[in-house]
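Colleague:
Chains as they are written, first to last, in full-length UniProt numbering: chain Z, 1 to 418; chain U, 1 to 730.
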């Protein structure tokens with residue numbers, strides 16, 4: 001399946017390679033570099049590159065290219081998802097997935113790659129099983145290791161693999177039994193010039209952190225399960241019960257996992273939390289332009305919009321911006337041409353406004369396309385779709401667990417056209 | 001060598017590793033080993049340290065062991081004799097009480113890719129196949145495959161194969177899947193692992209225990225199994241049902257592929273599976289990862305080939321975001337073009353219009369071409385947009401618009417007048433050669449409808465000396481000759497100058513030859529030239545009555561969920577169409593052929609028995625229509641065969657093989673179904689209509705002819721009948 005993996009940074013240095021079958025020469029990456037050069041932006045490198053003897057499947061994440069070499073026909077989604085899993089595992093282990101952390105932890109990286117694939121086939125990819133095989137580095141542990149000289153390799157085999165429920169190990173014990181669920185929704189939307197919604201959908205996930213002793217059997221029910229029509233679950237969820245009763249019944253994995261994800265795309269169900277009044281114009285003469293942006297709350301169900309950030313990719317001819325923000329700070333980077341306005345909390349009484357002039361490269365023609373605005377925001381204690389957890393029940397164990405549900409709404413790909 | 005002075009570094013490491021002080025300090029020793037590994041991963045050749053590293057493998061520290069093994073696996077094939085030294089340690093580790101150590105040692109021993117390893121690893125592998133820890137069994141099973149790949153040409157060890165088949169019943173799901181993977185590799189020459197009924201059902205029942213990767217692979221293996229009866233088939237499908245809604249896109253897609261494959265005889269089941277997976281597929285199209293999004297889009301595109309309506313209501317999900325990479329935007333535009341219908345056309349066009357001014361010229365051009373494709377159905381709205389784009393006076397946009405105009409005129413003759421008007425009203429001269437060629441083709445083919453055409457052409461002829469591209473020059477030659485034929489008075493002078501320049505001063509041989517060809521043609525008179533030069537003005541093979549065909553699922557199911565569509569290797573019908581549009585630019589030479597064929601065929605064709613059909617010059621829709629209305633029906637008969645159930649393309653191709661040209665036919669599912677065809681024979685032109693009143697009724701043939709020749713008709717009817725009968729047999 002996956003023959004080899006190369007990690008390459010944005011400046012084109014190959015800084016890590018791993019082969020699961022025979023060694024493939026680095027020269028195979030030349031096809032990648034060729035495509036990389038043609039694509040100009042690192043984002044634009046195509047994910048599948050055919051070469052005479054191999055296929056290269058690439059993902060680009062956190063400024064690193066994960067280039068895998070494939071020799072036989074494979075389902076492409078399989079490889080792409082697997083590469084993302086590798087990147088996620090690094091993130092999980094080292095806190096972030098960057099060139100520096102990978103280089104710093106090169107030993108653990110190799111151990112992980114060795115356990116995740118054997119002979120090119122995925123072996124152990126579940127985070128909780130991997131963590132029993134290879135312990136993640138922590139400051140305390142690396143200190144202990146330095147003193148005692150012990151290693152961060154598990155001494156015993158992960159037991160979870162042997163129980164009848166592959167995602168949960170047997171004999172889990174906690175003093176505080178707790179189960180937390182985070183309902184996280186992201187709004188992907190495109191609004192047009194006049195503020196009408198061109199496209200909107202909600203991508204939701206329920207992340208769970210379950211630390212319960214023994215073999216608990218949980219049942220989660222919603223106030224309004226009819227909202228959800230397009231859902232996918234963690235393998236532990238009993239799908240038949242969801243189909244018949246619309247409740248989520250499952251024996252949870254131990255620790256952190258994603259219980260389910262869902263999409264809501266019916267337009268009338270997607271509330272748009274803010275509105276943006278904007279006016280960006282470039283003058284025909286005088287090589288300058290005007291910018292005036294106001295942001296206000298729209299459908300927030302009485303909650304406060306926080307962490308509001310407006311990002312604008314300006315046309316290339318914009319040299320500098322002389323603006324005045326009534327709230328927050330703005331910053332224009334003349335190299336990347338990105339105007340970033342960090343607003344913070346949205347105050348409905350006093351709407352934040354950014355206003356002023358833009359100066360353009362003199363002599364250049366006025367840009368024919370106005371830049372679009374990317375919005376980032378966060379609303380605590382609200383799932384914008386209106387999804388609400390009704391109750392969580394536990395069977396199979398005697399103790400009383402501590403339960404909690406948290407809601408967060410964020411902006412995903414939220415874009416306002418001008 | 002990536003680093004200067006690396007030899008120094010290696011020497012220093014060697015010194016440190018062999019230093020007894022360092023060896024006694026475990027931490028320092030390990031640090032040096034880590035350093036070696038780090039250099040190795042950066043591409044430095046540290047193979048000269050092999051001896052010292054082998055020594056370091058004799059340790060209790062698992063991490064150090066792992067590092068040394070990693071080193072040894074990389075260099076073992078270069079230093080086989082030294083690697084043998086390490087084997088003893090490894091074999092000892094294979095009997096360690098800790099299963100983790102056992103597995104690790106076994107795995108690395110199998111990873112030494114050097115000849116002669118087999119005799120050392122065979123015994124530990126066979127022993128480990130019966131190990132009580134599943135972790136070791138997993139490693140051992142794959143070890144069998146690795147062992148086989150060490151000696152690919154030796155005979156397959158039947159004992160191991162049997163053992164592996166037996167292990168398919170192992171309680172550990174990963175061992176089961178690894179068995180499949182190993183057997184597949186070992187038995188590659190014999191067609192891979194055999195999936196019989198007990199194995200298939202065993203795997204199906206254990207699907208739920210597997211992790212998502214294994215599920216996806218098992219689903220692919222199950223493609224090989226053919227259920228004996230419909231009952232069994234539906235049992236299998238209901239077991240797999242829940243995987244259509246899996247949270248992993250790759251499992252969903254693999255399941256869908258298996259559904260399409262197994263239920264190939266049950267259209268309704270296939271349609272239902274497609275409908276149910278449309279939601280997960282759409283979700284993949286808006287996943288966080290851009291690569292997943294891309295793969296999702298490619299799969300949606302394939303599904304749409306058979307079920308264009310499935311995603312019609314979701315067209316807004318294929319609108320491009322500002323920051324998406326260009327490979328996603330291209331795919332989304334292709335999908336949007338397919339999704340256009342009466343309700344959403346204005347919104348989609350508005351959206352595409354905004355992409356036309358994208359910073360990237362390639363994207364802008366693709367967007368313009370997309371509008372051009374929609375224009376074949378919704379000409380008016382699109383022409384307005386395209387004309388509006390010309391006002392932007394951007395080079396790359398103008399060029400793309402003119403190329404789109406050319407393709408549009410070729411595919412959709414009814415828009416000719418509007419296009420000519422726009423071009424006439426003033427178009428900036430495109431600067432790139434593609435654009436120039438397109439403009440010249442338009443001027444040449446439809447010069448009679450544009451008053452100012454000769455003057456635009458003259459501009460090009462005057463600037464000939466500075467023109468670099470030879471294809472543009474050739475196009476200019478063809479266009480000027482065509483123009484001369486319809487407007488001789490205005491063109492004669494400039495044609496003279498052009499031919500003179502190209503024959504006397506041009507250095508490119510192709511251009512000079514083309515000029516000489518035209519010169520000699522013109523010497524033979526205007527009529528002769530016209531016969532050769534004026535080709536069809538629109539696509540003759542196109543069927544105006546049909547929209548895009550709904551292809552049967554089997555057309556693409558075999559490449560579904562494979563790399564081909566993502567790598568752009570599967571030939572999509574659009575590119576074919578575009579290459580057809582390029583054809584007229586080079587038509588002058590080729591069009592001599594049909595004419596001359598006509599001459600040779602009409603000679604001996606007079607004898608009764610040897611009447612043969614020929615294609616001749618293509619007939620335009622207008623002239624066919626005119627003749628059809630003018631002529632009387634000479635012959636009508638029921639053919640006694642029903643319409644073949646093959647795709648319209650196949651029908652068209654097989655008729656063409658027998659020299660019968662298809663002009664147009666109605667979509668496959670309309671009642672009554674009609675097709676118009678024509679052919680030539682010994683100086684007569686035969687026009688015919690095939691009509692099928694209701695499904696499965698016999699086809700009725702009506703023939704018109706000019707001039708009348710009953711023999712030719714008889715011959716035509718028998719050829720047509722045999723073609724249809726053969727197709728029905730298949």
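For each residue, glycine too, the CB sits at the ideal point set by N, CA and C. Computed from a prediction, not measured in an experiment: that's the story for all the values here.
1. Could you check the C-alpha separation between residue 140 of chain U and residue 310 of chain U for me, to the nearest Å?
2. Of the choices Z:385, Z:401, Z:386, whose alpha-carbon is the least far from that of residue 392 of chain Z?
3. Under the DSSP definition of a beta bridge, which residues are partnered with residue 353 of chain Z?
4. Give the residues from the region 476 to 488 of chain U that approach chain Z closer than 7 Å (Cβ to any Cβ), ordered along the chain.
5. Beta-carbon separation of residue 356 of chain Z and residue 324 of chain Z under 8 Å?
6. Would you kindly work out how many angstroms separate the C-alpha atoms of residue 185 of chain Z and residue 38 of chain U, rounded to a whole number?
7. Can you tell me whether residue 579 of chain U is buried or exposed? The criterion is at least 16 other CB atoms within 10 Å of its CB, across all chains shown.
8. Answer yes or no: does any C-beta atom of chain Z fall closer than 8 Å to that of residue 192 of chain U?
9. Please report the distance separating the alpha-carbon of residue 196 of chain U from that of residue 177 of chain U.
10. Are the beta-carbon atoms of residue 53 of chain U and residue 110 of chain U separated by less than 8 Å?
11. So with CB distances below 8 Å, who are the chain U contacts of residue 123 of chain Z?
12. Does the region 225 to 238 of chain Z come close enough to the region 189 to 202 of chain Z that 3 or more CB-CB pairs lie under 8 Å?
13. Quick check on this structure: which residue in Z:304, Z:3, Z:197 has the alpha carbon closest to the alpha carbon of residue 415 of chain Z?
14. Would you say the region 374 to 388 of chain Z touches the region 347 to 356 of chain Z, given that touching needs at least three Cβ pairs under 8 Å?
15. Which term fits residue 93 of chain U, buried or exposed, when burial requires 16 or more other beta carbons within 10 angstroms of its beta carbon?
16. Taking Cβ to Cβ, would you say residue 77 of chain Z is nearer than 8 Å to residue 295 of chain U?
17. Taking residue 407 of chain U as the query, report the chain C residues whose CB atoms sit under 8 Å from its CB, ordered along the chain.
18. Hey, is residue 55 of chain U's beta-carbon within less than 8 Å of any beta-carbon in chain Z?
19. So, residue 179 of chain U versus residue 187 of chain U, is the Cβ gap smaller than 8 Å?
20. I'd like to confirm the pairing. Which residues does DSSP put opposite residue 129 of chain Z in its beta bridges?
21. Given that a residue counts as buried once 16 or more other Cβ atoms are within 10 Å of its Cβ, and exposed if not, what is residue 21 of chain U?
22. In chain order, what residues of the same chain have a beta carbon less than 6 Å from the beta carbon of residue 90 of chain U, not counting five sequence neighbours either side?
23. How about residue 274 of chain Z and residue 297 of chain Z: are their beta carbons less than 8 Å apart?
24. What beta strand (DSSP E) runs, 3 residues minimum, are completely inside the region 338 to 408 of chain U?
25. Which runs of the beta strand (DSSP E) spanning at least 3 residues fall entirely within the region 636 to 675 of chain U, listed in chain order?
26. Using a Cβ cut-off of 8 Å, pull out every chain U residue sitting near residue 55 of chain Z, in sequence order please.
27. Mind checking whether residue 483 of chain U and residue 458 of chain U have CB atoms under 8 Å apart?
28. Could you name the residues that DSSP lists as bridge partners for residue 380 of chain Z?
29. When Cβ atoms are compared, which residues of the region 178 to 203 of chain Z fall closer than 8 Å to chain U?
30. Within the same chain, show all residues whose beta-carbon is closer than 6 Å to that of residue 292 of chain Z, passing over the 5 residues directly before and after it, in chain order.
31. In this structure, does DSSP put residue 364 of chain Z in helix, strand or coil?
32. Please classify residue 67 of chain Z: is it buried, with 16 or more other beta-carbons within 10 angstroms of its beta-carbon, or exposed?
33. So is residue 573 of chain U buried or exposed if we call it buried at 16+ other beta carbons inside 10 Å?
34. Shorter than 8 Å from the beta carbon of residue 385 of chain U to some beta carbon of chain Z?
35. Using beta-carbon positions only, say whether residue 470 of chain U and residue 432 of chain U come within less than 8 Å of one another.
36. Mind checking if residue 59 of chain U is an interface residue toward chain Z, Cβ cutoff 8 Å exclusive?
Modeller: Well, looking at it:
1. Near 47 Å, if we compare the C-alpha coordinates of residue 310 of chain U and residue 140 of chain U.
2. The option with the nearest alpha carbon to residue 392 of chain Z is Z:401.
3. Beta-bridge pairing links residue 353 of chain Z to Z:294.
4. Listed by position, the residues of the region 476 to 488 of chain U near chain Z (Cβ gap below 7 Å) amount to none.
5. Against a cut-off of 8 Å, the Cβ pair of residue 324 of chain Z and residue 356 of chain Z comes out as a contact.
6. Their Cα atoms are separated by approximately 42 Å.
7. With a pLDDT of 37 at residue 579 of chain U, under the threshold of 50, the predicted position of this residue should be treated as unreliable, though the coordinate-derived value follows. Exposed: under 16 other Cβ atoms inside 10 Å.
8. No, residue 192 of chain U does not count as interfacial toward chain Z.
9. Their backbone Cα atoms lie some 16 Å apart in a straight line.
10. In terms of Cβ geometry, residue 53 of chain U and residue 110 of chain U do not form a close pair [threshold 8 Å].
11. Scanning chain U for C-beta atoms nearer than 8 Å to the C-beta of residue 123 of chain Z yields 138, 174, reported in chain order.
12. Taking a contact to require three or more Cβ pairs closer than 8 Å, the region 189 to 202 of chain Z and the region 225 to 238 of chain Z do not qualify as touching.
13. Comparing C-alpha distances from residue 415 of chain Z to each of Z:304, Z:3, Z:197 shows the shortest one belongs to Z:197.
14. No, the region 374 to 388 of chain Z is not in contact with the region 347 to 356 of chain Z.
15. Burial call: buried.
16. Yes, these two residues count as a Cβ contact at 8 Å.
17. Included in the structure are the protein chains Z and U, with no chain C among them.
18. It does not: the Cβ of residue 55 of chain U has no partner Cβ on chain Z nearer than 8 Å.
19. Residue 187 of chain U sits away from residue 179 of chain U, with the two beta carbons spaced by 8 Å or more.
20. Per DSSP, none; premise fails for residue 129 of chain Z.
21. Exposed, since its Cβ has fewer than 16 Cβ neighbours within 10 Å.
22. Cβ neighbours of residue 90 of chain U within its own chain (closer than 6 Å, five residues either side excluded): 105, 109.
23. The criterion of a C-beta distance shorter than 8 Å is satisfied by residue 274 of chain Z and residue 297 of chain Z.
24. Fully enclosed beta strand (DSSP E) runs of 3 or longer: not present.
25. Counting only runs that start and end inside the region 636 to 675 of chain U, the beta strand (DSSP E) elements of at least 3 residues fall at 661 to 665.
26. Against chain U, the beta carbon of residue 55 of chain Z has neighbours under 8 Å at 563, 567, listed in chain order.
27. No, the pair does not count as a contact, with Cβ atoms beyond the cut-off.
28. Paired residues: Z:408.
29. Within the region 178 to 203 of chain Z, the residues whose Cβ lies closer than 8 Å to some Cβ of chain U are 188, 190, 198, 199, 201, 203, listed in chain order.
30. Closer than 6 Å at the Cβ level, and outside the excluded window around residue 292 of chain Z, lie 279, 355.
31. Residue 364 of chain Z sits in coil when the DSSP states are folded into three classes, being neither helix nor strand.
32. Counting C-beta atoms within 10 angstroms of its own C-beta, residue 67 of chain Z has 16 or more neighbours from the protein chains shown and is therefore classed as buried.
33. Because the pLDDT at residue 573 of chain U is just 34, under 50, the model does not fix this residue reliably, and the point stays unresolved.
34. Answer no: the Cβ-Cβ gap between residue 385 of chain U and chain Z never drops below 8 Å.
35. Result no, Cβ atoms of residue 470 of chain U and residue 432 of chain U do not sit closer than 8 Å.
36. False, the Cβ-Cβ gap to chain Z never drops below 8 Å.
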